[in-house]
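Those letters in the sequence shown? Residues 19 to 385, per the numbering used here, in order. Step one of this worksheet: look at the structure below.
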Amino acid sequence: MVPEKATLAGNFARVQLVVSEVIDGNRSSDRSSDLTRKVLYTSLNPDVVSVSRSGELLARGNGTTRVEVMVPGGGKAVQLIEVTVSGVTADPAIGFRQQISPILSKHGCNSGSCHAAQYGKGGFKLSVFGYNADFDRKAIIRERHQRRVSLVSPRESLFLRKPTMQVPHGGGHRLDQQSVDHDILVAWLLSGAALSSGKAHEVTRLEVFPKRRVGTVGTTQQLRVIAHYNDKTVRDVTAWAKYDSMDESILEVAPSGLITASGRGQAPVMIRFGSQADISMFVTPFATNARLDGWKNNNFVDELAAAKFRELGIEPSGLCDDATFLRRVTLDLIGTLPSPEMARAFIDSKVPDKRQRIIDELLGLTG
């Protein structure tokens, strides 16, 4: 179970639980099955923290309680997680930099295909990926004579009515009225639409769990993302991070960070939040084992290749003939085909290490 204890600070704080199968006493095996969406969660005090079916904790009120995790039909708690919530107030201070800009990024509002296009969309322009928070805030609350927002009746703001499709919106439905993100936007407007809720701290790195996963086609895995800030604080940003599969023929990833293996091979998921990015690598082998009976390691590159062949369950092709090798190595190293004279000399040569010699020659390592 990650984390074993949860601390939530402030209104709307969220923490994503990740429940994994224990294999031979190892809780962090990259082959552990993800049970996050298969177990049942119960908050022992919903007034302090609520928990969704996907294992997401949401701060409701100050205090300490526990969340019970059970296997369906088992009738026995797998684990009790201690949860501490603090900083929840009736009038939360919401800052554009800290809370609003990540929401706009999450829902694609400040992407190049939406309001961060060169001339914006519908007369409304935002900075790309929210790099200029001050500009974005002013565009929302001051442009067009403040017609986009109503600080008195936030829910009637065009800023909220358009992405929820209460009025026509060229970008389509982006936000649910019953979502936590919608509640945060409303709270921001109610609190005065401030640029910052305190000293703004920069994200210095992201921590993703799990970093690596081995599974089969159909395997699912919930990610958990922690942001580390330059003031040494940390924050669970799983709900606000952006997820992109680098190969959709192998992996599909939902906005919630749920990965589904749809094909065989190896592919990463890129995770972005603020100015930082990280990846989680997913491997779905082609077979359970690979025969490398005739394989010989000639250098450290071969050692790495052999390890990858075994991991992916791929049997390497046999050695190519001399003509094919020469064509490939000259194209790779000098960008051209070998001359007829070079080809004849290489193919006719009986020197055992002629392949290594031609590599050194092409690299200029020999005279």
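Backbone N, C-alpha and C define an ideal beta-carbon position, used for all residues, glycine too.
Residues of its chain near residue i, where Cβ-Cβ distance is below 7 Å and the 5 sequence neighbours each way are ignored
i: residue 372; result: 364
i: residue 109; result: 209
i: residue 290; result: 259, 260
i: residue 132; result: 126, 139, 189
i: residue 89; result: 57, 96
i: residue 315; result: 321, 324
i: residue 11; result: Since the first and last residues shown for the chain are 19 and 385, residue 11 lies out of range.
i: residue 105; result: 27, 28
i: residue 370; result: none
CA nearest to the CA of residue i, picked from the options
i: residue 117; options: 179, 101, 219, 130; result: 219
i: residue 441; options: 320, 76, 57; result: The structure shown has nothing for residue 441, since the chain only spans 19 to 385.
i: residue 170; options: 205, 224, 66, 282; result: 205
i: residue 73; options: 367, 141, 366, 274; result: 274
i: residue 343; options: 331, 356, 334, 332; result: 356
i: residue 223; options: 84, 212, 230, 249; result: 249
i: residue 217; options: 115, 349, 244; result: 115
i: residue 165; options: 152, 141, 146; result: 141
i: residue 71; options: 40, 36, 48, 41; result: 36
i: residue 284; options: 295, 269, 159; result: 269
i: residue 311; options: 336, 379, 40, 194; result: 336
i: residue 78; options: 29, 196, 91; result: 29
i: residue 91; options: 105, 119, 59; result: 59
i: residue 215; options: 134, 194, 119; result: 119
i: residue 154; options: 129, 173, 172; result: 129
i: residue 53; options: 262, 201, 276; result: 276
i: residue 350; options: 359, 367, 380, 146; result: 380
i: residue 293; options: 146, 360, 370; result: 146
i: residue 85; options: 21, 150, 136; result: 21
i: residue 233; options: 107, 317, 264, 304; result: 304
8 Å contact criterion, which residue i and residue j should meet: CB distance rounded
i: residue 301; j: residue 329; result: 6 Å
i: residue 127; j: residue 192; result: 7 Å
i: residue 38; j: residue 50; result: 4 Å
i: residue 34; j: residue 240; result: 7 Å
i: residue 278; j: residue 306; result: No, residue 278 and residue 306 are not in contact; Cβ-Cβ is about 21 Å, not under 8 Å.
i: residue 144; j: residue 175; result: Contact doesn't hold; Cβ gap of about 16 Å is too wide.
i: residue 394; j: residue 159; result: Lying before the first or after the last residue shown, residue 394 is absent from the chain, which here runs from 19 to 385.
Residue j beta carbon less than 8 Å from that of residue i
i: residue 123; j: residue 260; result: yes
i: residue 103; j: residue 26; result: yes
i: residue 271; j: residue 287; result: yes
i: residue 81; j: residue 69; result: no
i: residue 186; j: residue 298; result: no
i: residue 113; j: residue 203; result: no
i: residue 235; j: residue 280; result: yes
i: residue 157; j: residue 101; result: no
i: residue 19; j: residue 99; result: yes
i: residue 282; j: residue 48; result: no
i: residue 76; j: residue 198; result: yes
i: residue 221; j: residue 245; result: yes
Residues near residue i by beta carbon distance below 6 Å, same chain, minus five either side
i: residue 385; result: Any reading at residue 385 is ruled out, since the residue's pLDDT is 48, under 50, leaving its predicted position unreliable.
i: residue 308; result: 327, 328, 331, 332, 333
i: residue 63; result: 83
i: residue 382; result: none
i: residue 182; result: 193, 195
i: residue 172; result: 204, 207, 208
i: residue 352; result: 380
i: residue 262; result: 288
Proximity test, residue i beta-carbon vs the ligand MN heavy atom, cut-off 7 Å
i: residue 178; result: What this structure holds is no ligand at all, so the ligand MN is not there to describe.
Own chain, CB closer than 8 Å to residue i, minus 5 neighbours either side, in chain order
i: residue 295; result: 224, 288, 289
i: residue 152; result: 213
i: residue 376; result: 344, 347, 364
i: residue 148; result: 119, 120, 122, 123, 128, 154
i: residue 247; result: 219, 220, 221, 222, 253
i: residue 135; result: 143
i: residue 367; result: none
i: residue 201; result: 30
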